[in-house]
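Please read the structure below before turning to the comments.
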Amino acid sequence: MAAARVLLLSGRPESVSFAQSVCGLLGAGPGLGPWPTYCGLKRGQLVLSHRPFPGASARLPLQRPPFCPFSALDQQPRAPGAELPTNRGVDLAVAVVLQSSDQTVLLTRRTCALNVSPNLWVPPGGHVEPDEELLDGGLRELWEESGLQLPQGQFFWVPLGLWESAYPPRLSWGLPKYHHIILYLLVISQESQQQLQARIQPNPREVNALMWLGPDVAAAVAATEDGTETPRHLPQDLPPSVLAVELEENGGARPLVLPTSTLLRTTPATADSKERVSTGTKFALRLWLQHLGR
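Heads up: take any position in the sequence shown, counting from 1, add 164, and you land on my numbering.
So, in structure tokens, the structure goes:
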């Protein structure tokens, strides 16, 4: 097995195999969570436990979607020929919830050409490299995807929470090929949205649009529950659209008026790449709003 990135502490740190549910191993029940989890934020690794342990640097909420395929696989027999990787562990990713001084957060839309989660609105983020500090990994991904470099001394950060992510996201889409724990980091800049936006140079291989969400729209998006059939109604005071920026093929950019209803779509039962906000991003937005309210 490749070097373990996500470890569970049970006497001694042990790696989690690809097919195991991290939430399940940490004692998650049948509910939606989140479950408070003790974390050791180590260089290139994340150590998790449901109990305090020496070296734990944070206690964070851990959650998974209600349709998590690894949770479902724990509860049903495997069909013949339905094999999952045996030589892989769970990968570690970090995503930056970048907050401007005027309290908006940056989301980017992944390009349609990406193999994993195309056309989804997410915070900038990606894999943590071996021996990379988690904040450094987040800031690197922020720079690689948006071109933003934050001046030292002009921001501070806090870990927000952990998300167990699979792709494809549902068993009805097929067996999962990717399994991550995503650490969401809230990075609070002293610069305004306008100042940050002026320096953004998105990477067109990964990002084809971006937007800044304020608390009101973010709250509506965060309240949209994936995995339920409950009818959703827009609050009367919610704007019918939000303004984004979309990249053009010639390298330029143009304004994009995006219907708010697009951001409220949920993960469908069958595979498609419709534009929507990822389930994990909704979780991160809920945590951001809780942090704002403190």
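All C-beta atoms, glycine included, are put in the ideal place defined by N, C-alpha and C.
8 Å CB neighbourhood of residue i in its chain, flanking five on each side removed
i           : result
residue 407 : 375, 419, 420, 421, 422
residue 461 : Coverage of the chain is limited to positions 165 through 458, which leaves residue 461 absent and any answer about it impossible.
Under 9 Å between C-beta atoms of residue i and residue j
i           : j           : result
residue 451 : residue 324 : yes
residue 190 : residue 248 : no
residue 443 : residue 434 : no
residue 333 : residue 341 : no
residue 232 : residue 185 : yes
residue 281 : residue 367 : no
residue 373 : residue 272 : yes
Delimiting residues of the alpha helix (DSSP H) encompassing residue i
i           : result
residue 234 : 233-238
residue 337 : Unbroken run through residue 337: none, as it is neither H nor E.
residue 455 : 443-456
residue 359 : 357-363
residue 294 : That residue, residue 294, is in no alpha helix (DSSP H); it is neither H nor E in DSSP.
Cβ-based neighbour list, residue i, same chain, cut-off 6 Å, excluding 5 preceding and 5 following
i           : result
residue 351 : 260, 262, 319, 321
residue 427 : 385, 441
residue 437 : 282, 283
residue 228 : 187, 328
Same chain only: Cβ atoms within 7 Å of residue i, ignoring 5 sequence neighbours per side
i           : result
residue 405 : 421, 422, 423, 424
Bounding residues of the beta strand (DSSP E) (the contiguous stretch that carries residue i)
i           : result
residue 201 : 199-206
residue 329 : 319-331
residue 370 : Here residue 370 belongs to no beta strand (DSSP E), and DSSP marks it neither H nor E.
residue 379 : Looking at the DSSP string, residue 379 is not in any beta strand (DSSP E); the run it does join, the alpha helix (DSSP H), is 379-386.
residue 314 : Taken as a continuous stretch (DSSP letters only), residue 314 belongs to no beta strand (DSSP E), as it is neither H nor E.
residue 189 : That residue, residue 189, is in no beta strand (DSSP E); its alpha helix (DSSP H) goes 186-189.
residue 171 : 170-174
Rounded Cβ spacing between residue i and residue j (contact assumed at less than 8 Å)
i           : j           : result
residue 306 : residue 298 : So it is not a contact: roughly 13 Å between Cβ atoms.
residue 256 : residue 210 : 5 Å
residue 344 : residue 286 : Not quite, the Cβ-Cβ distance comes to about 12 Å (not below 8 Å), so this is no contact.
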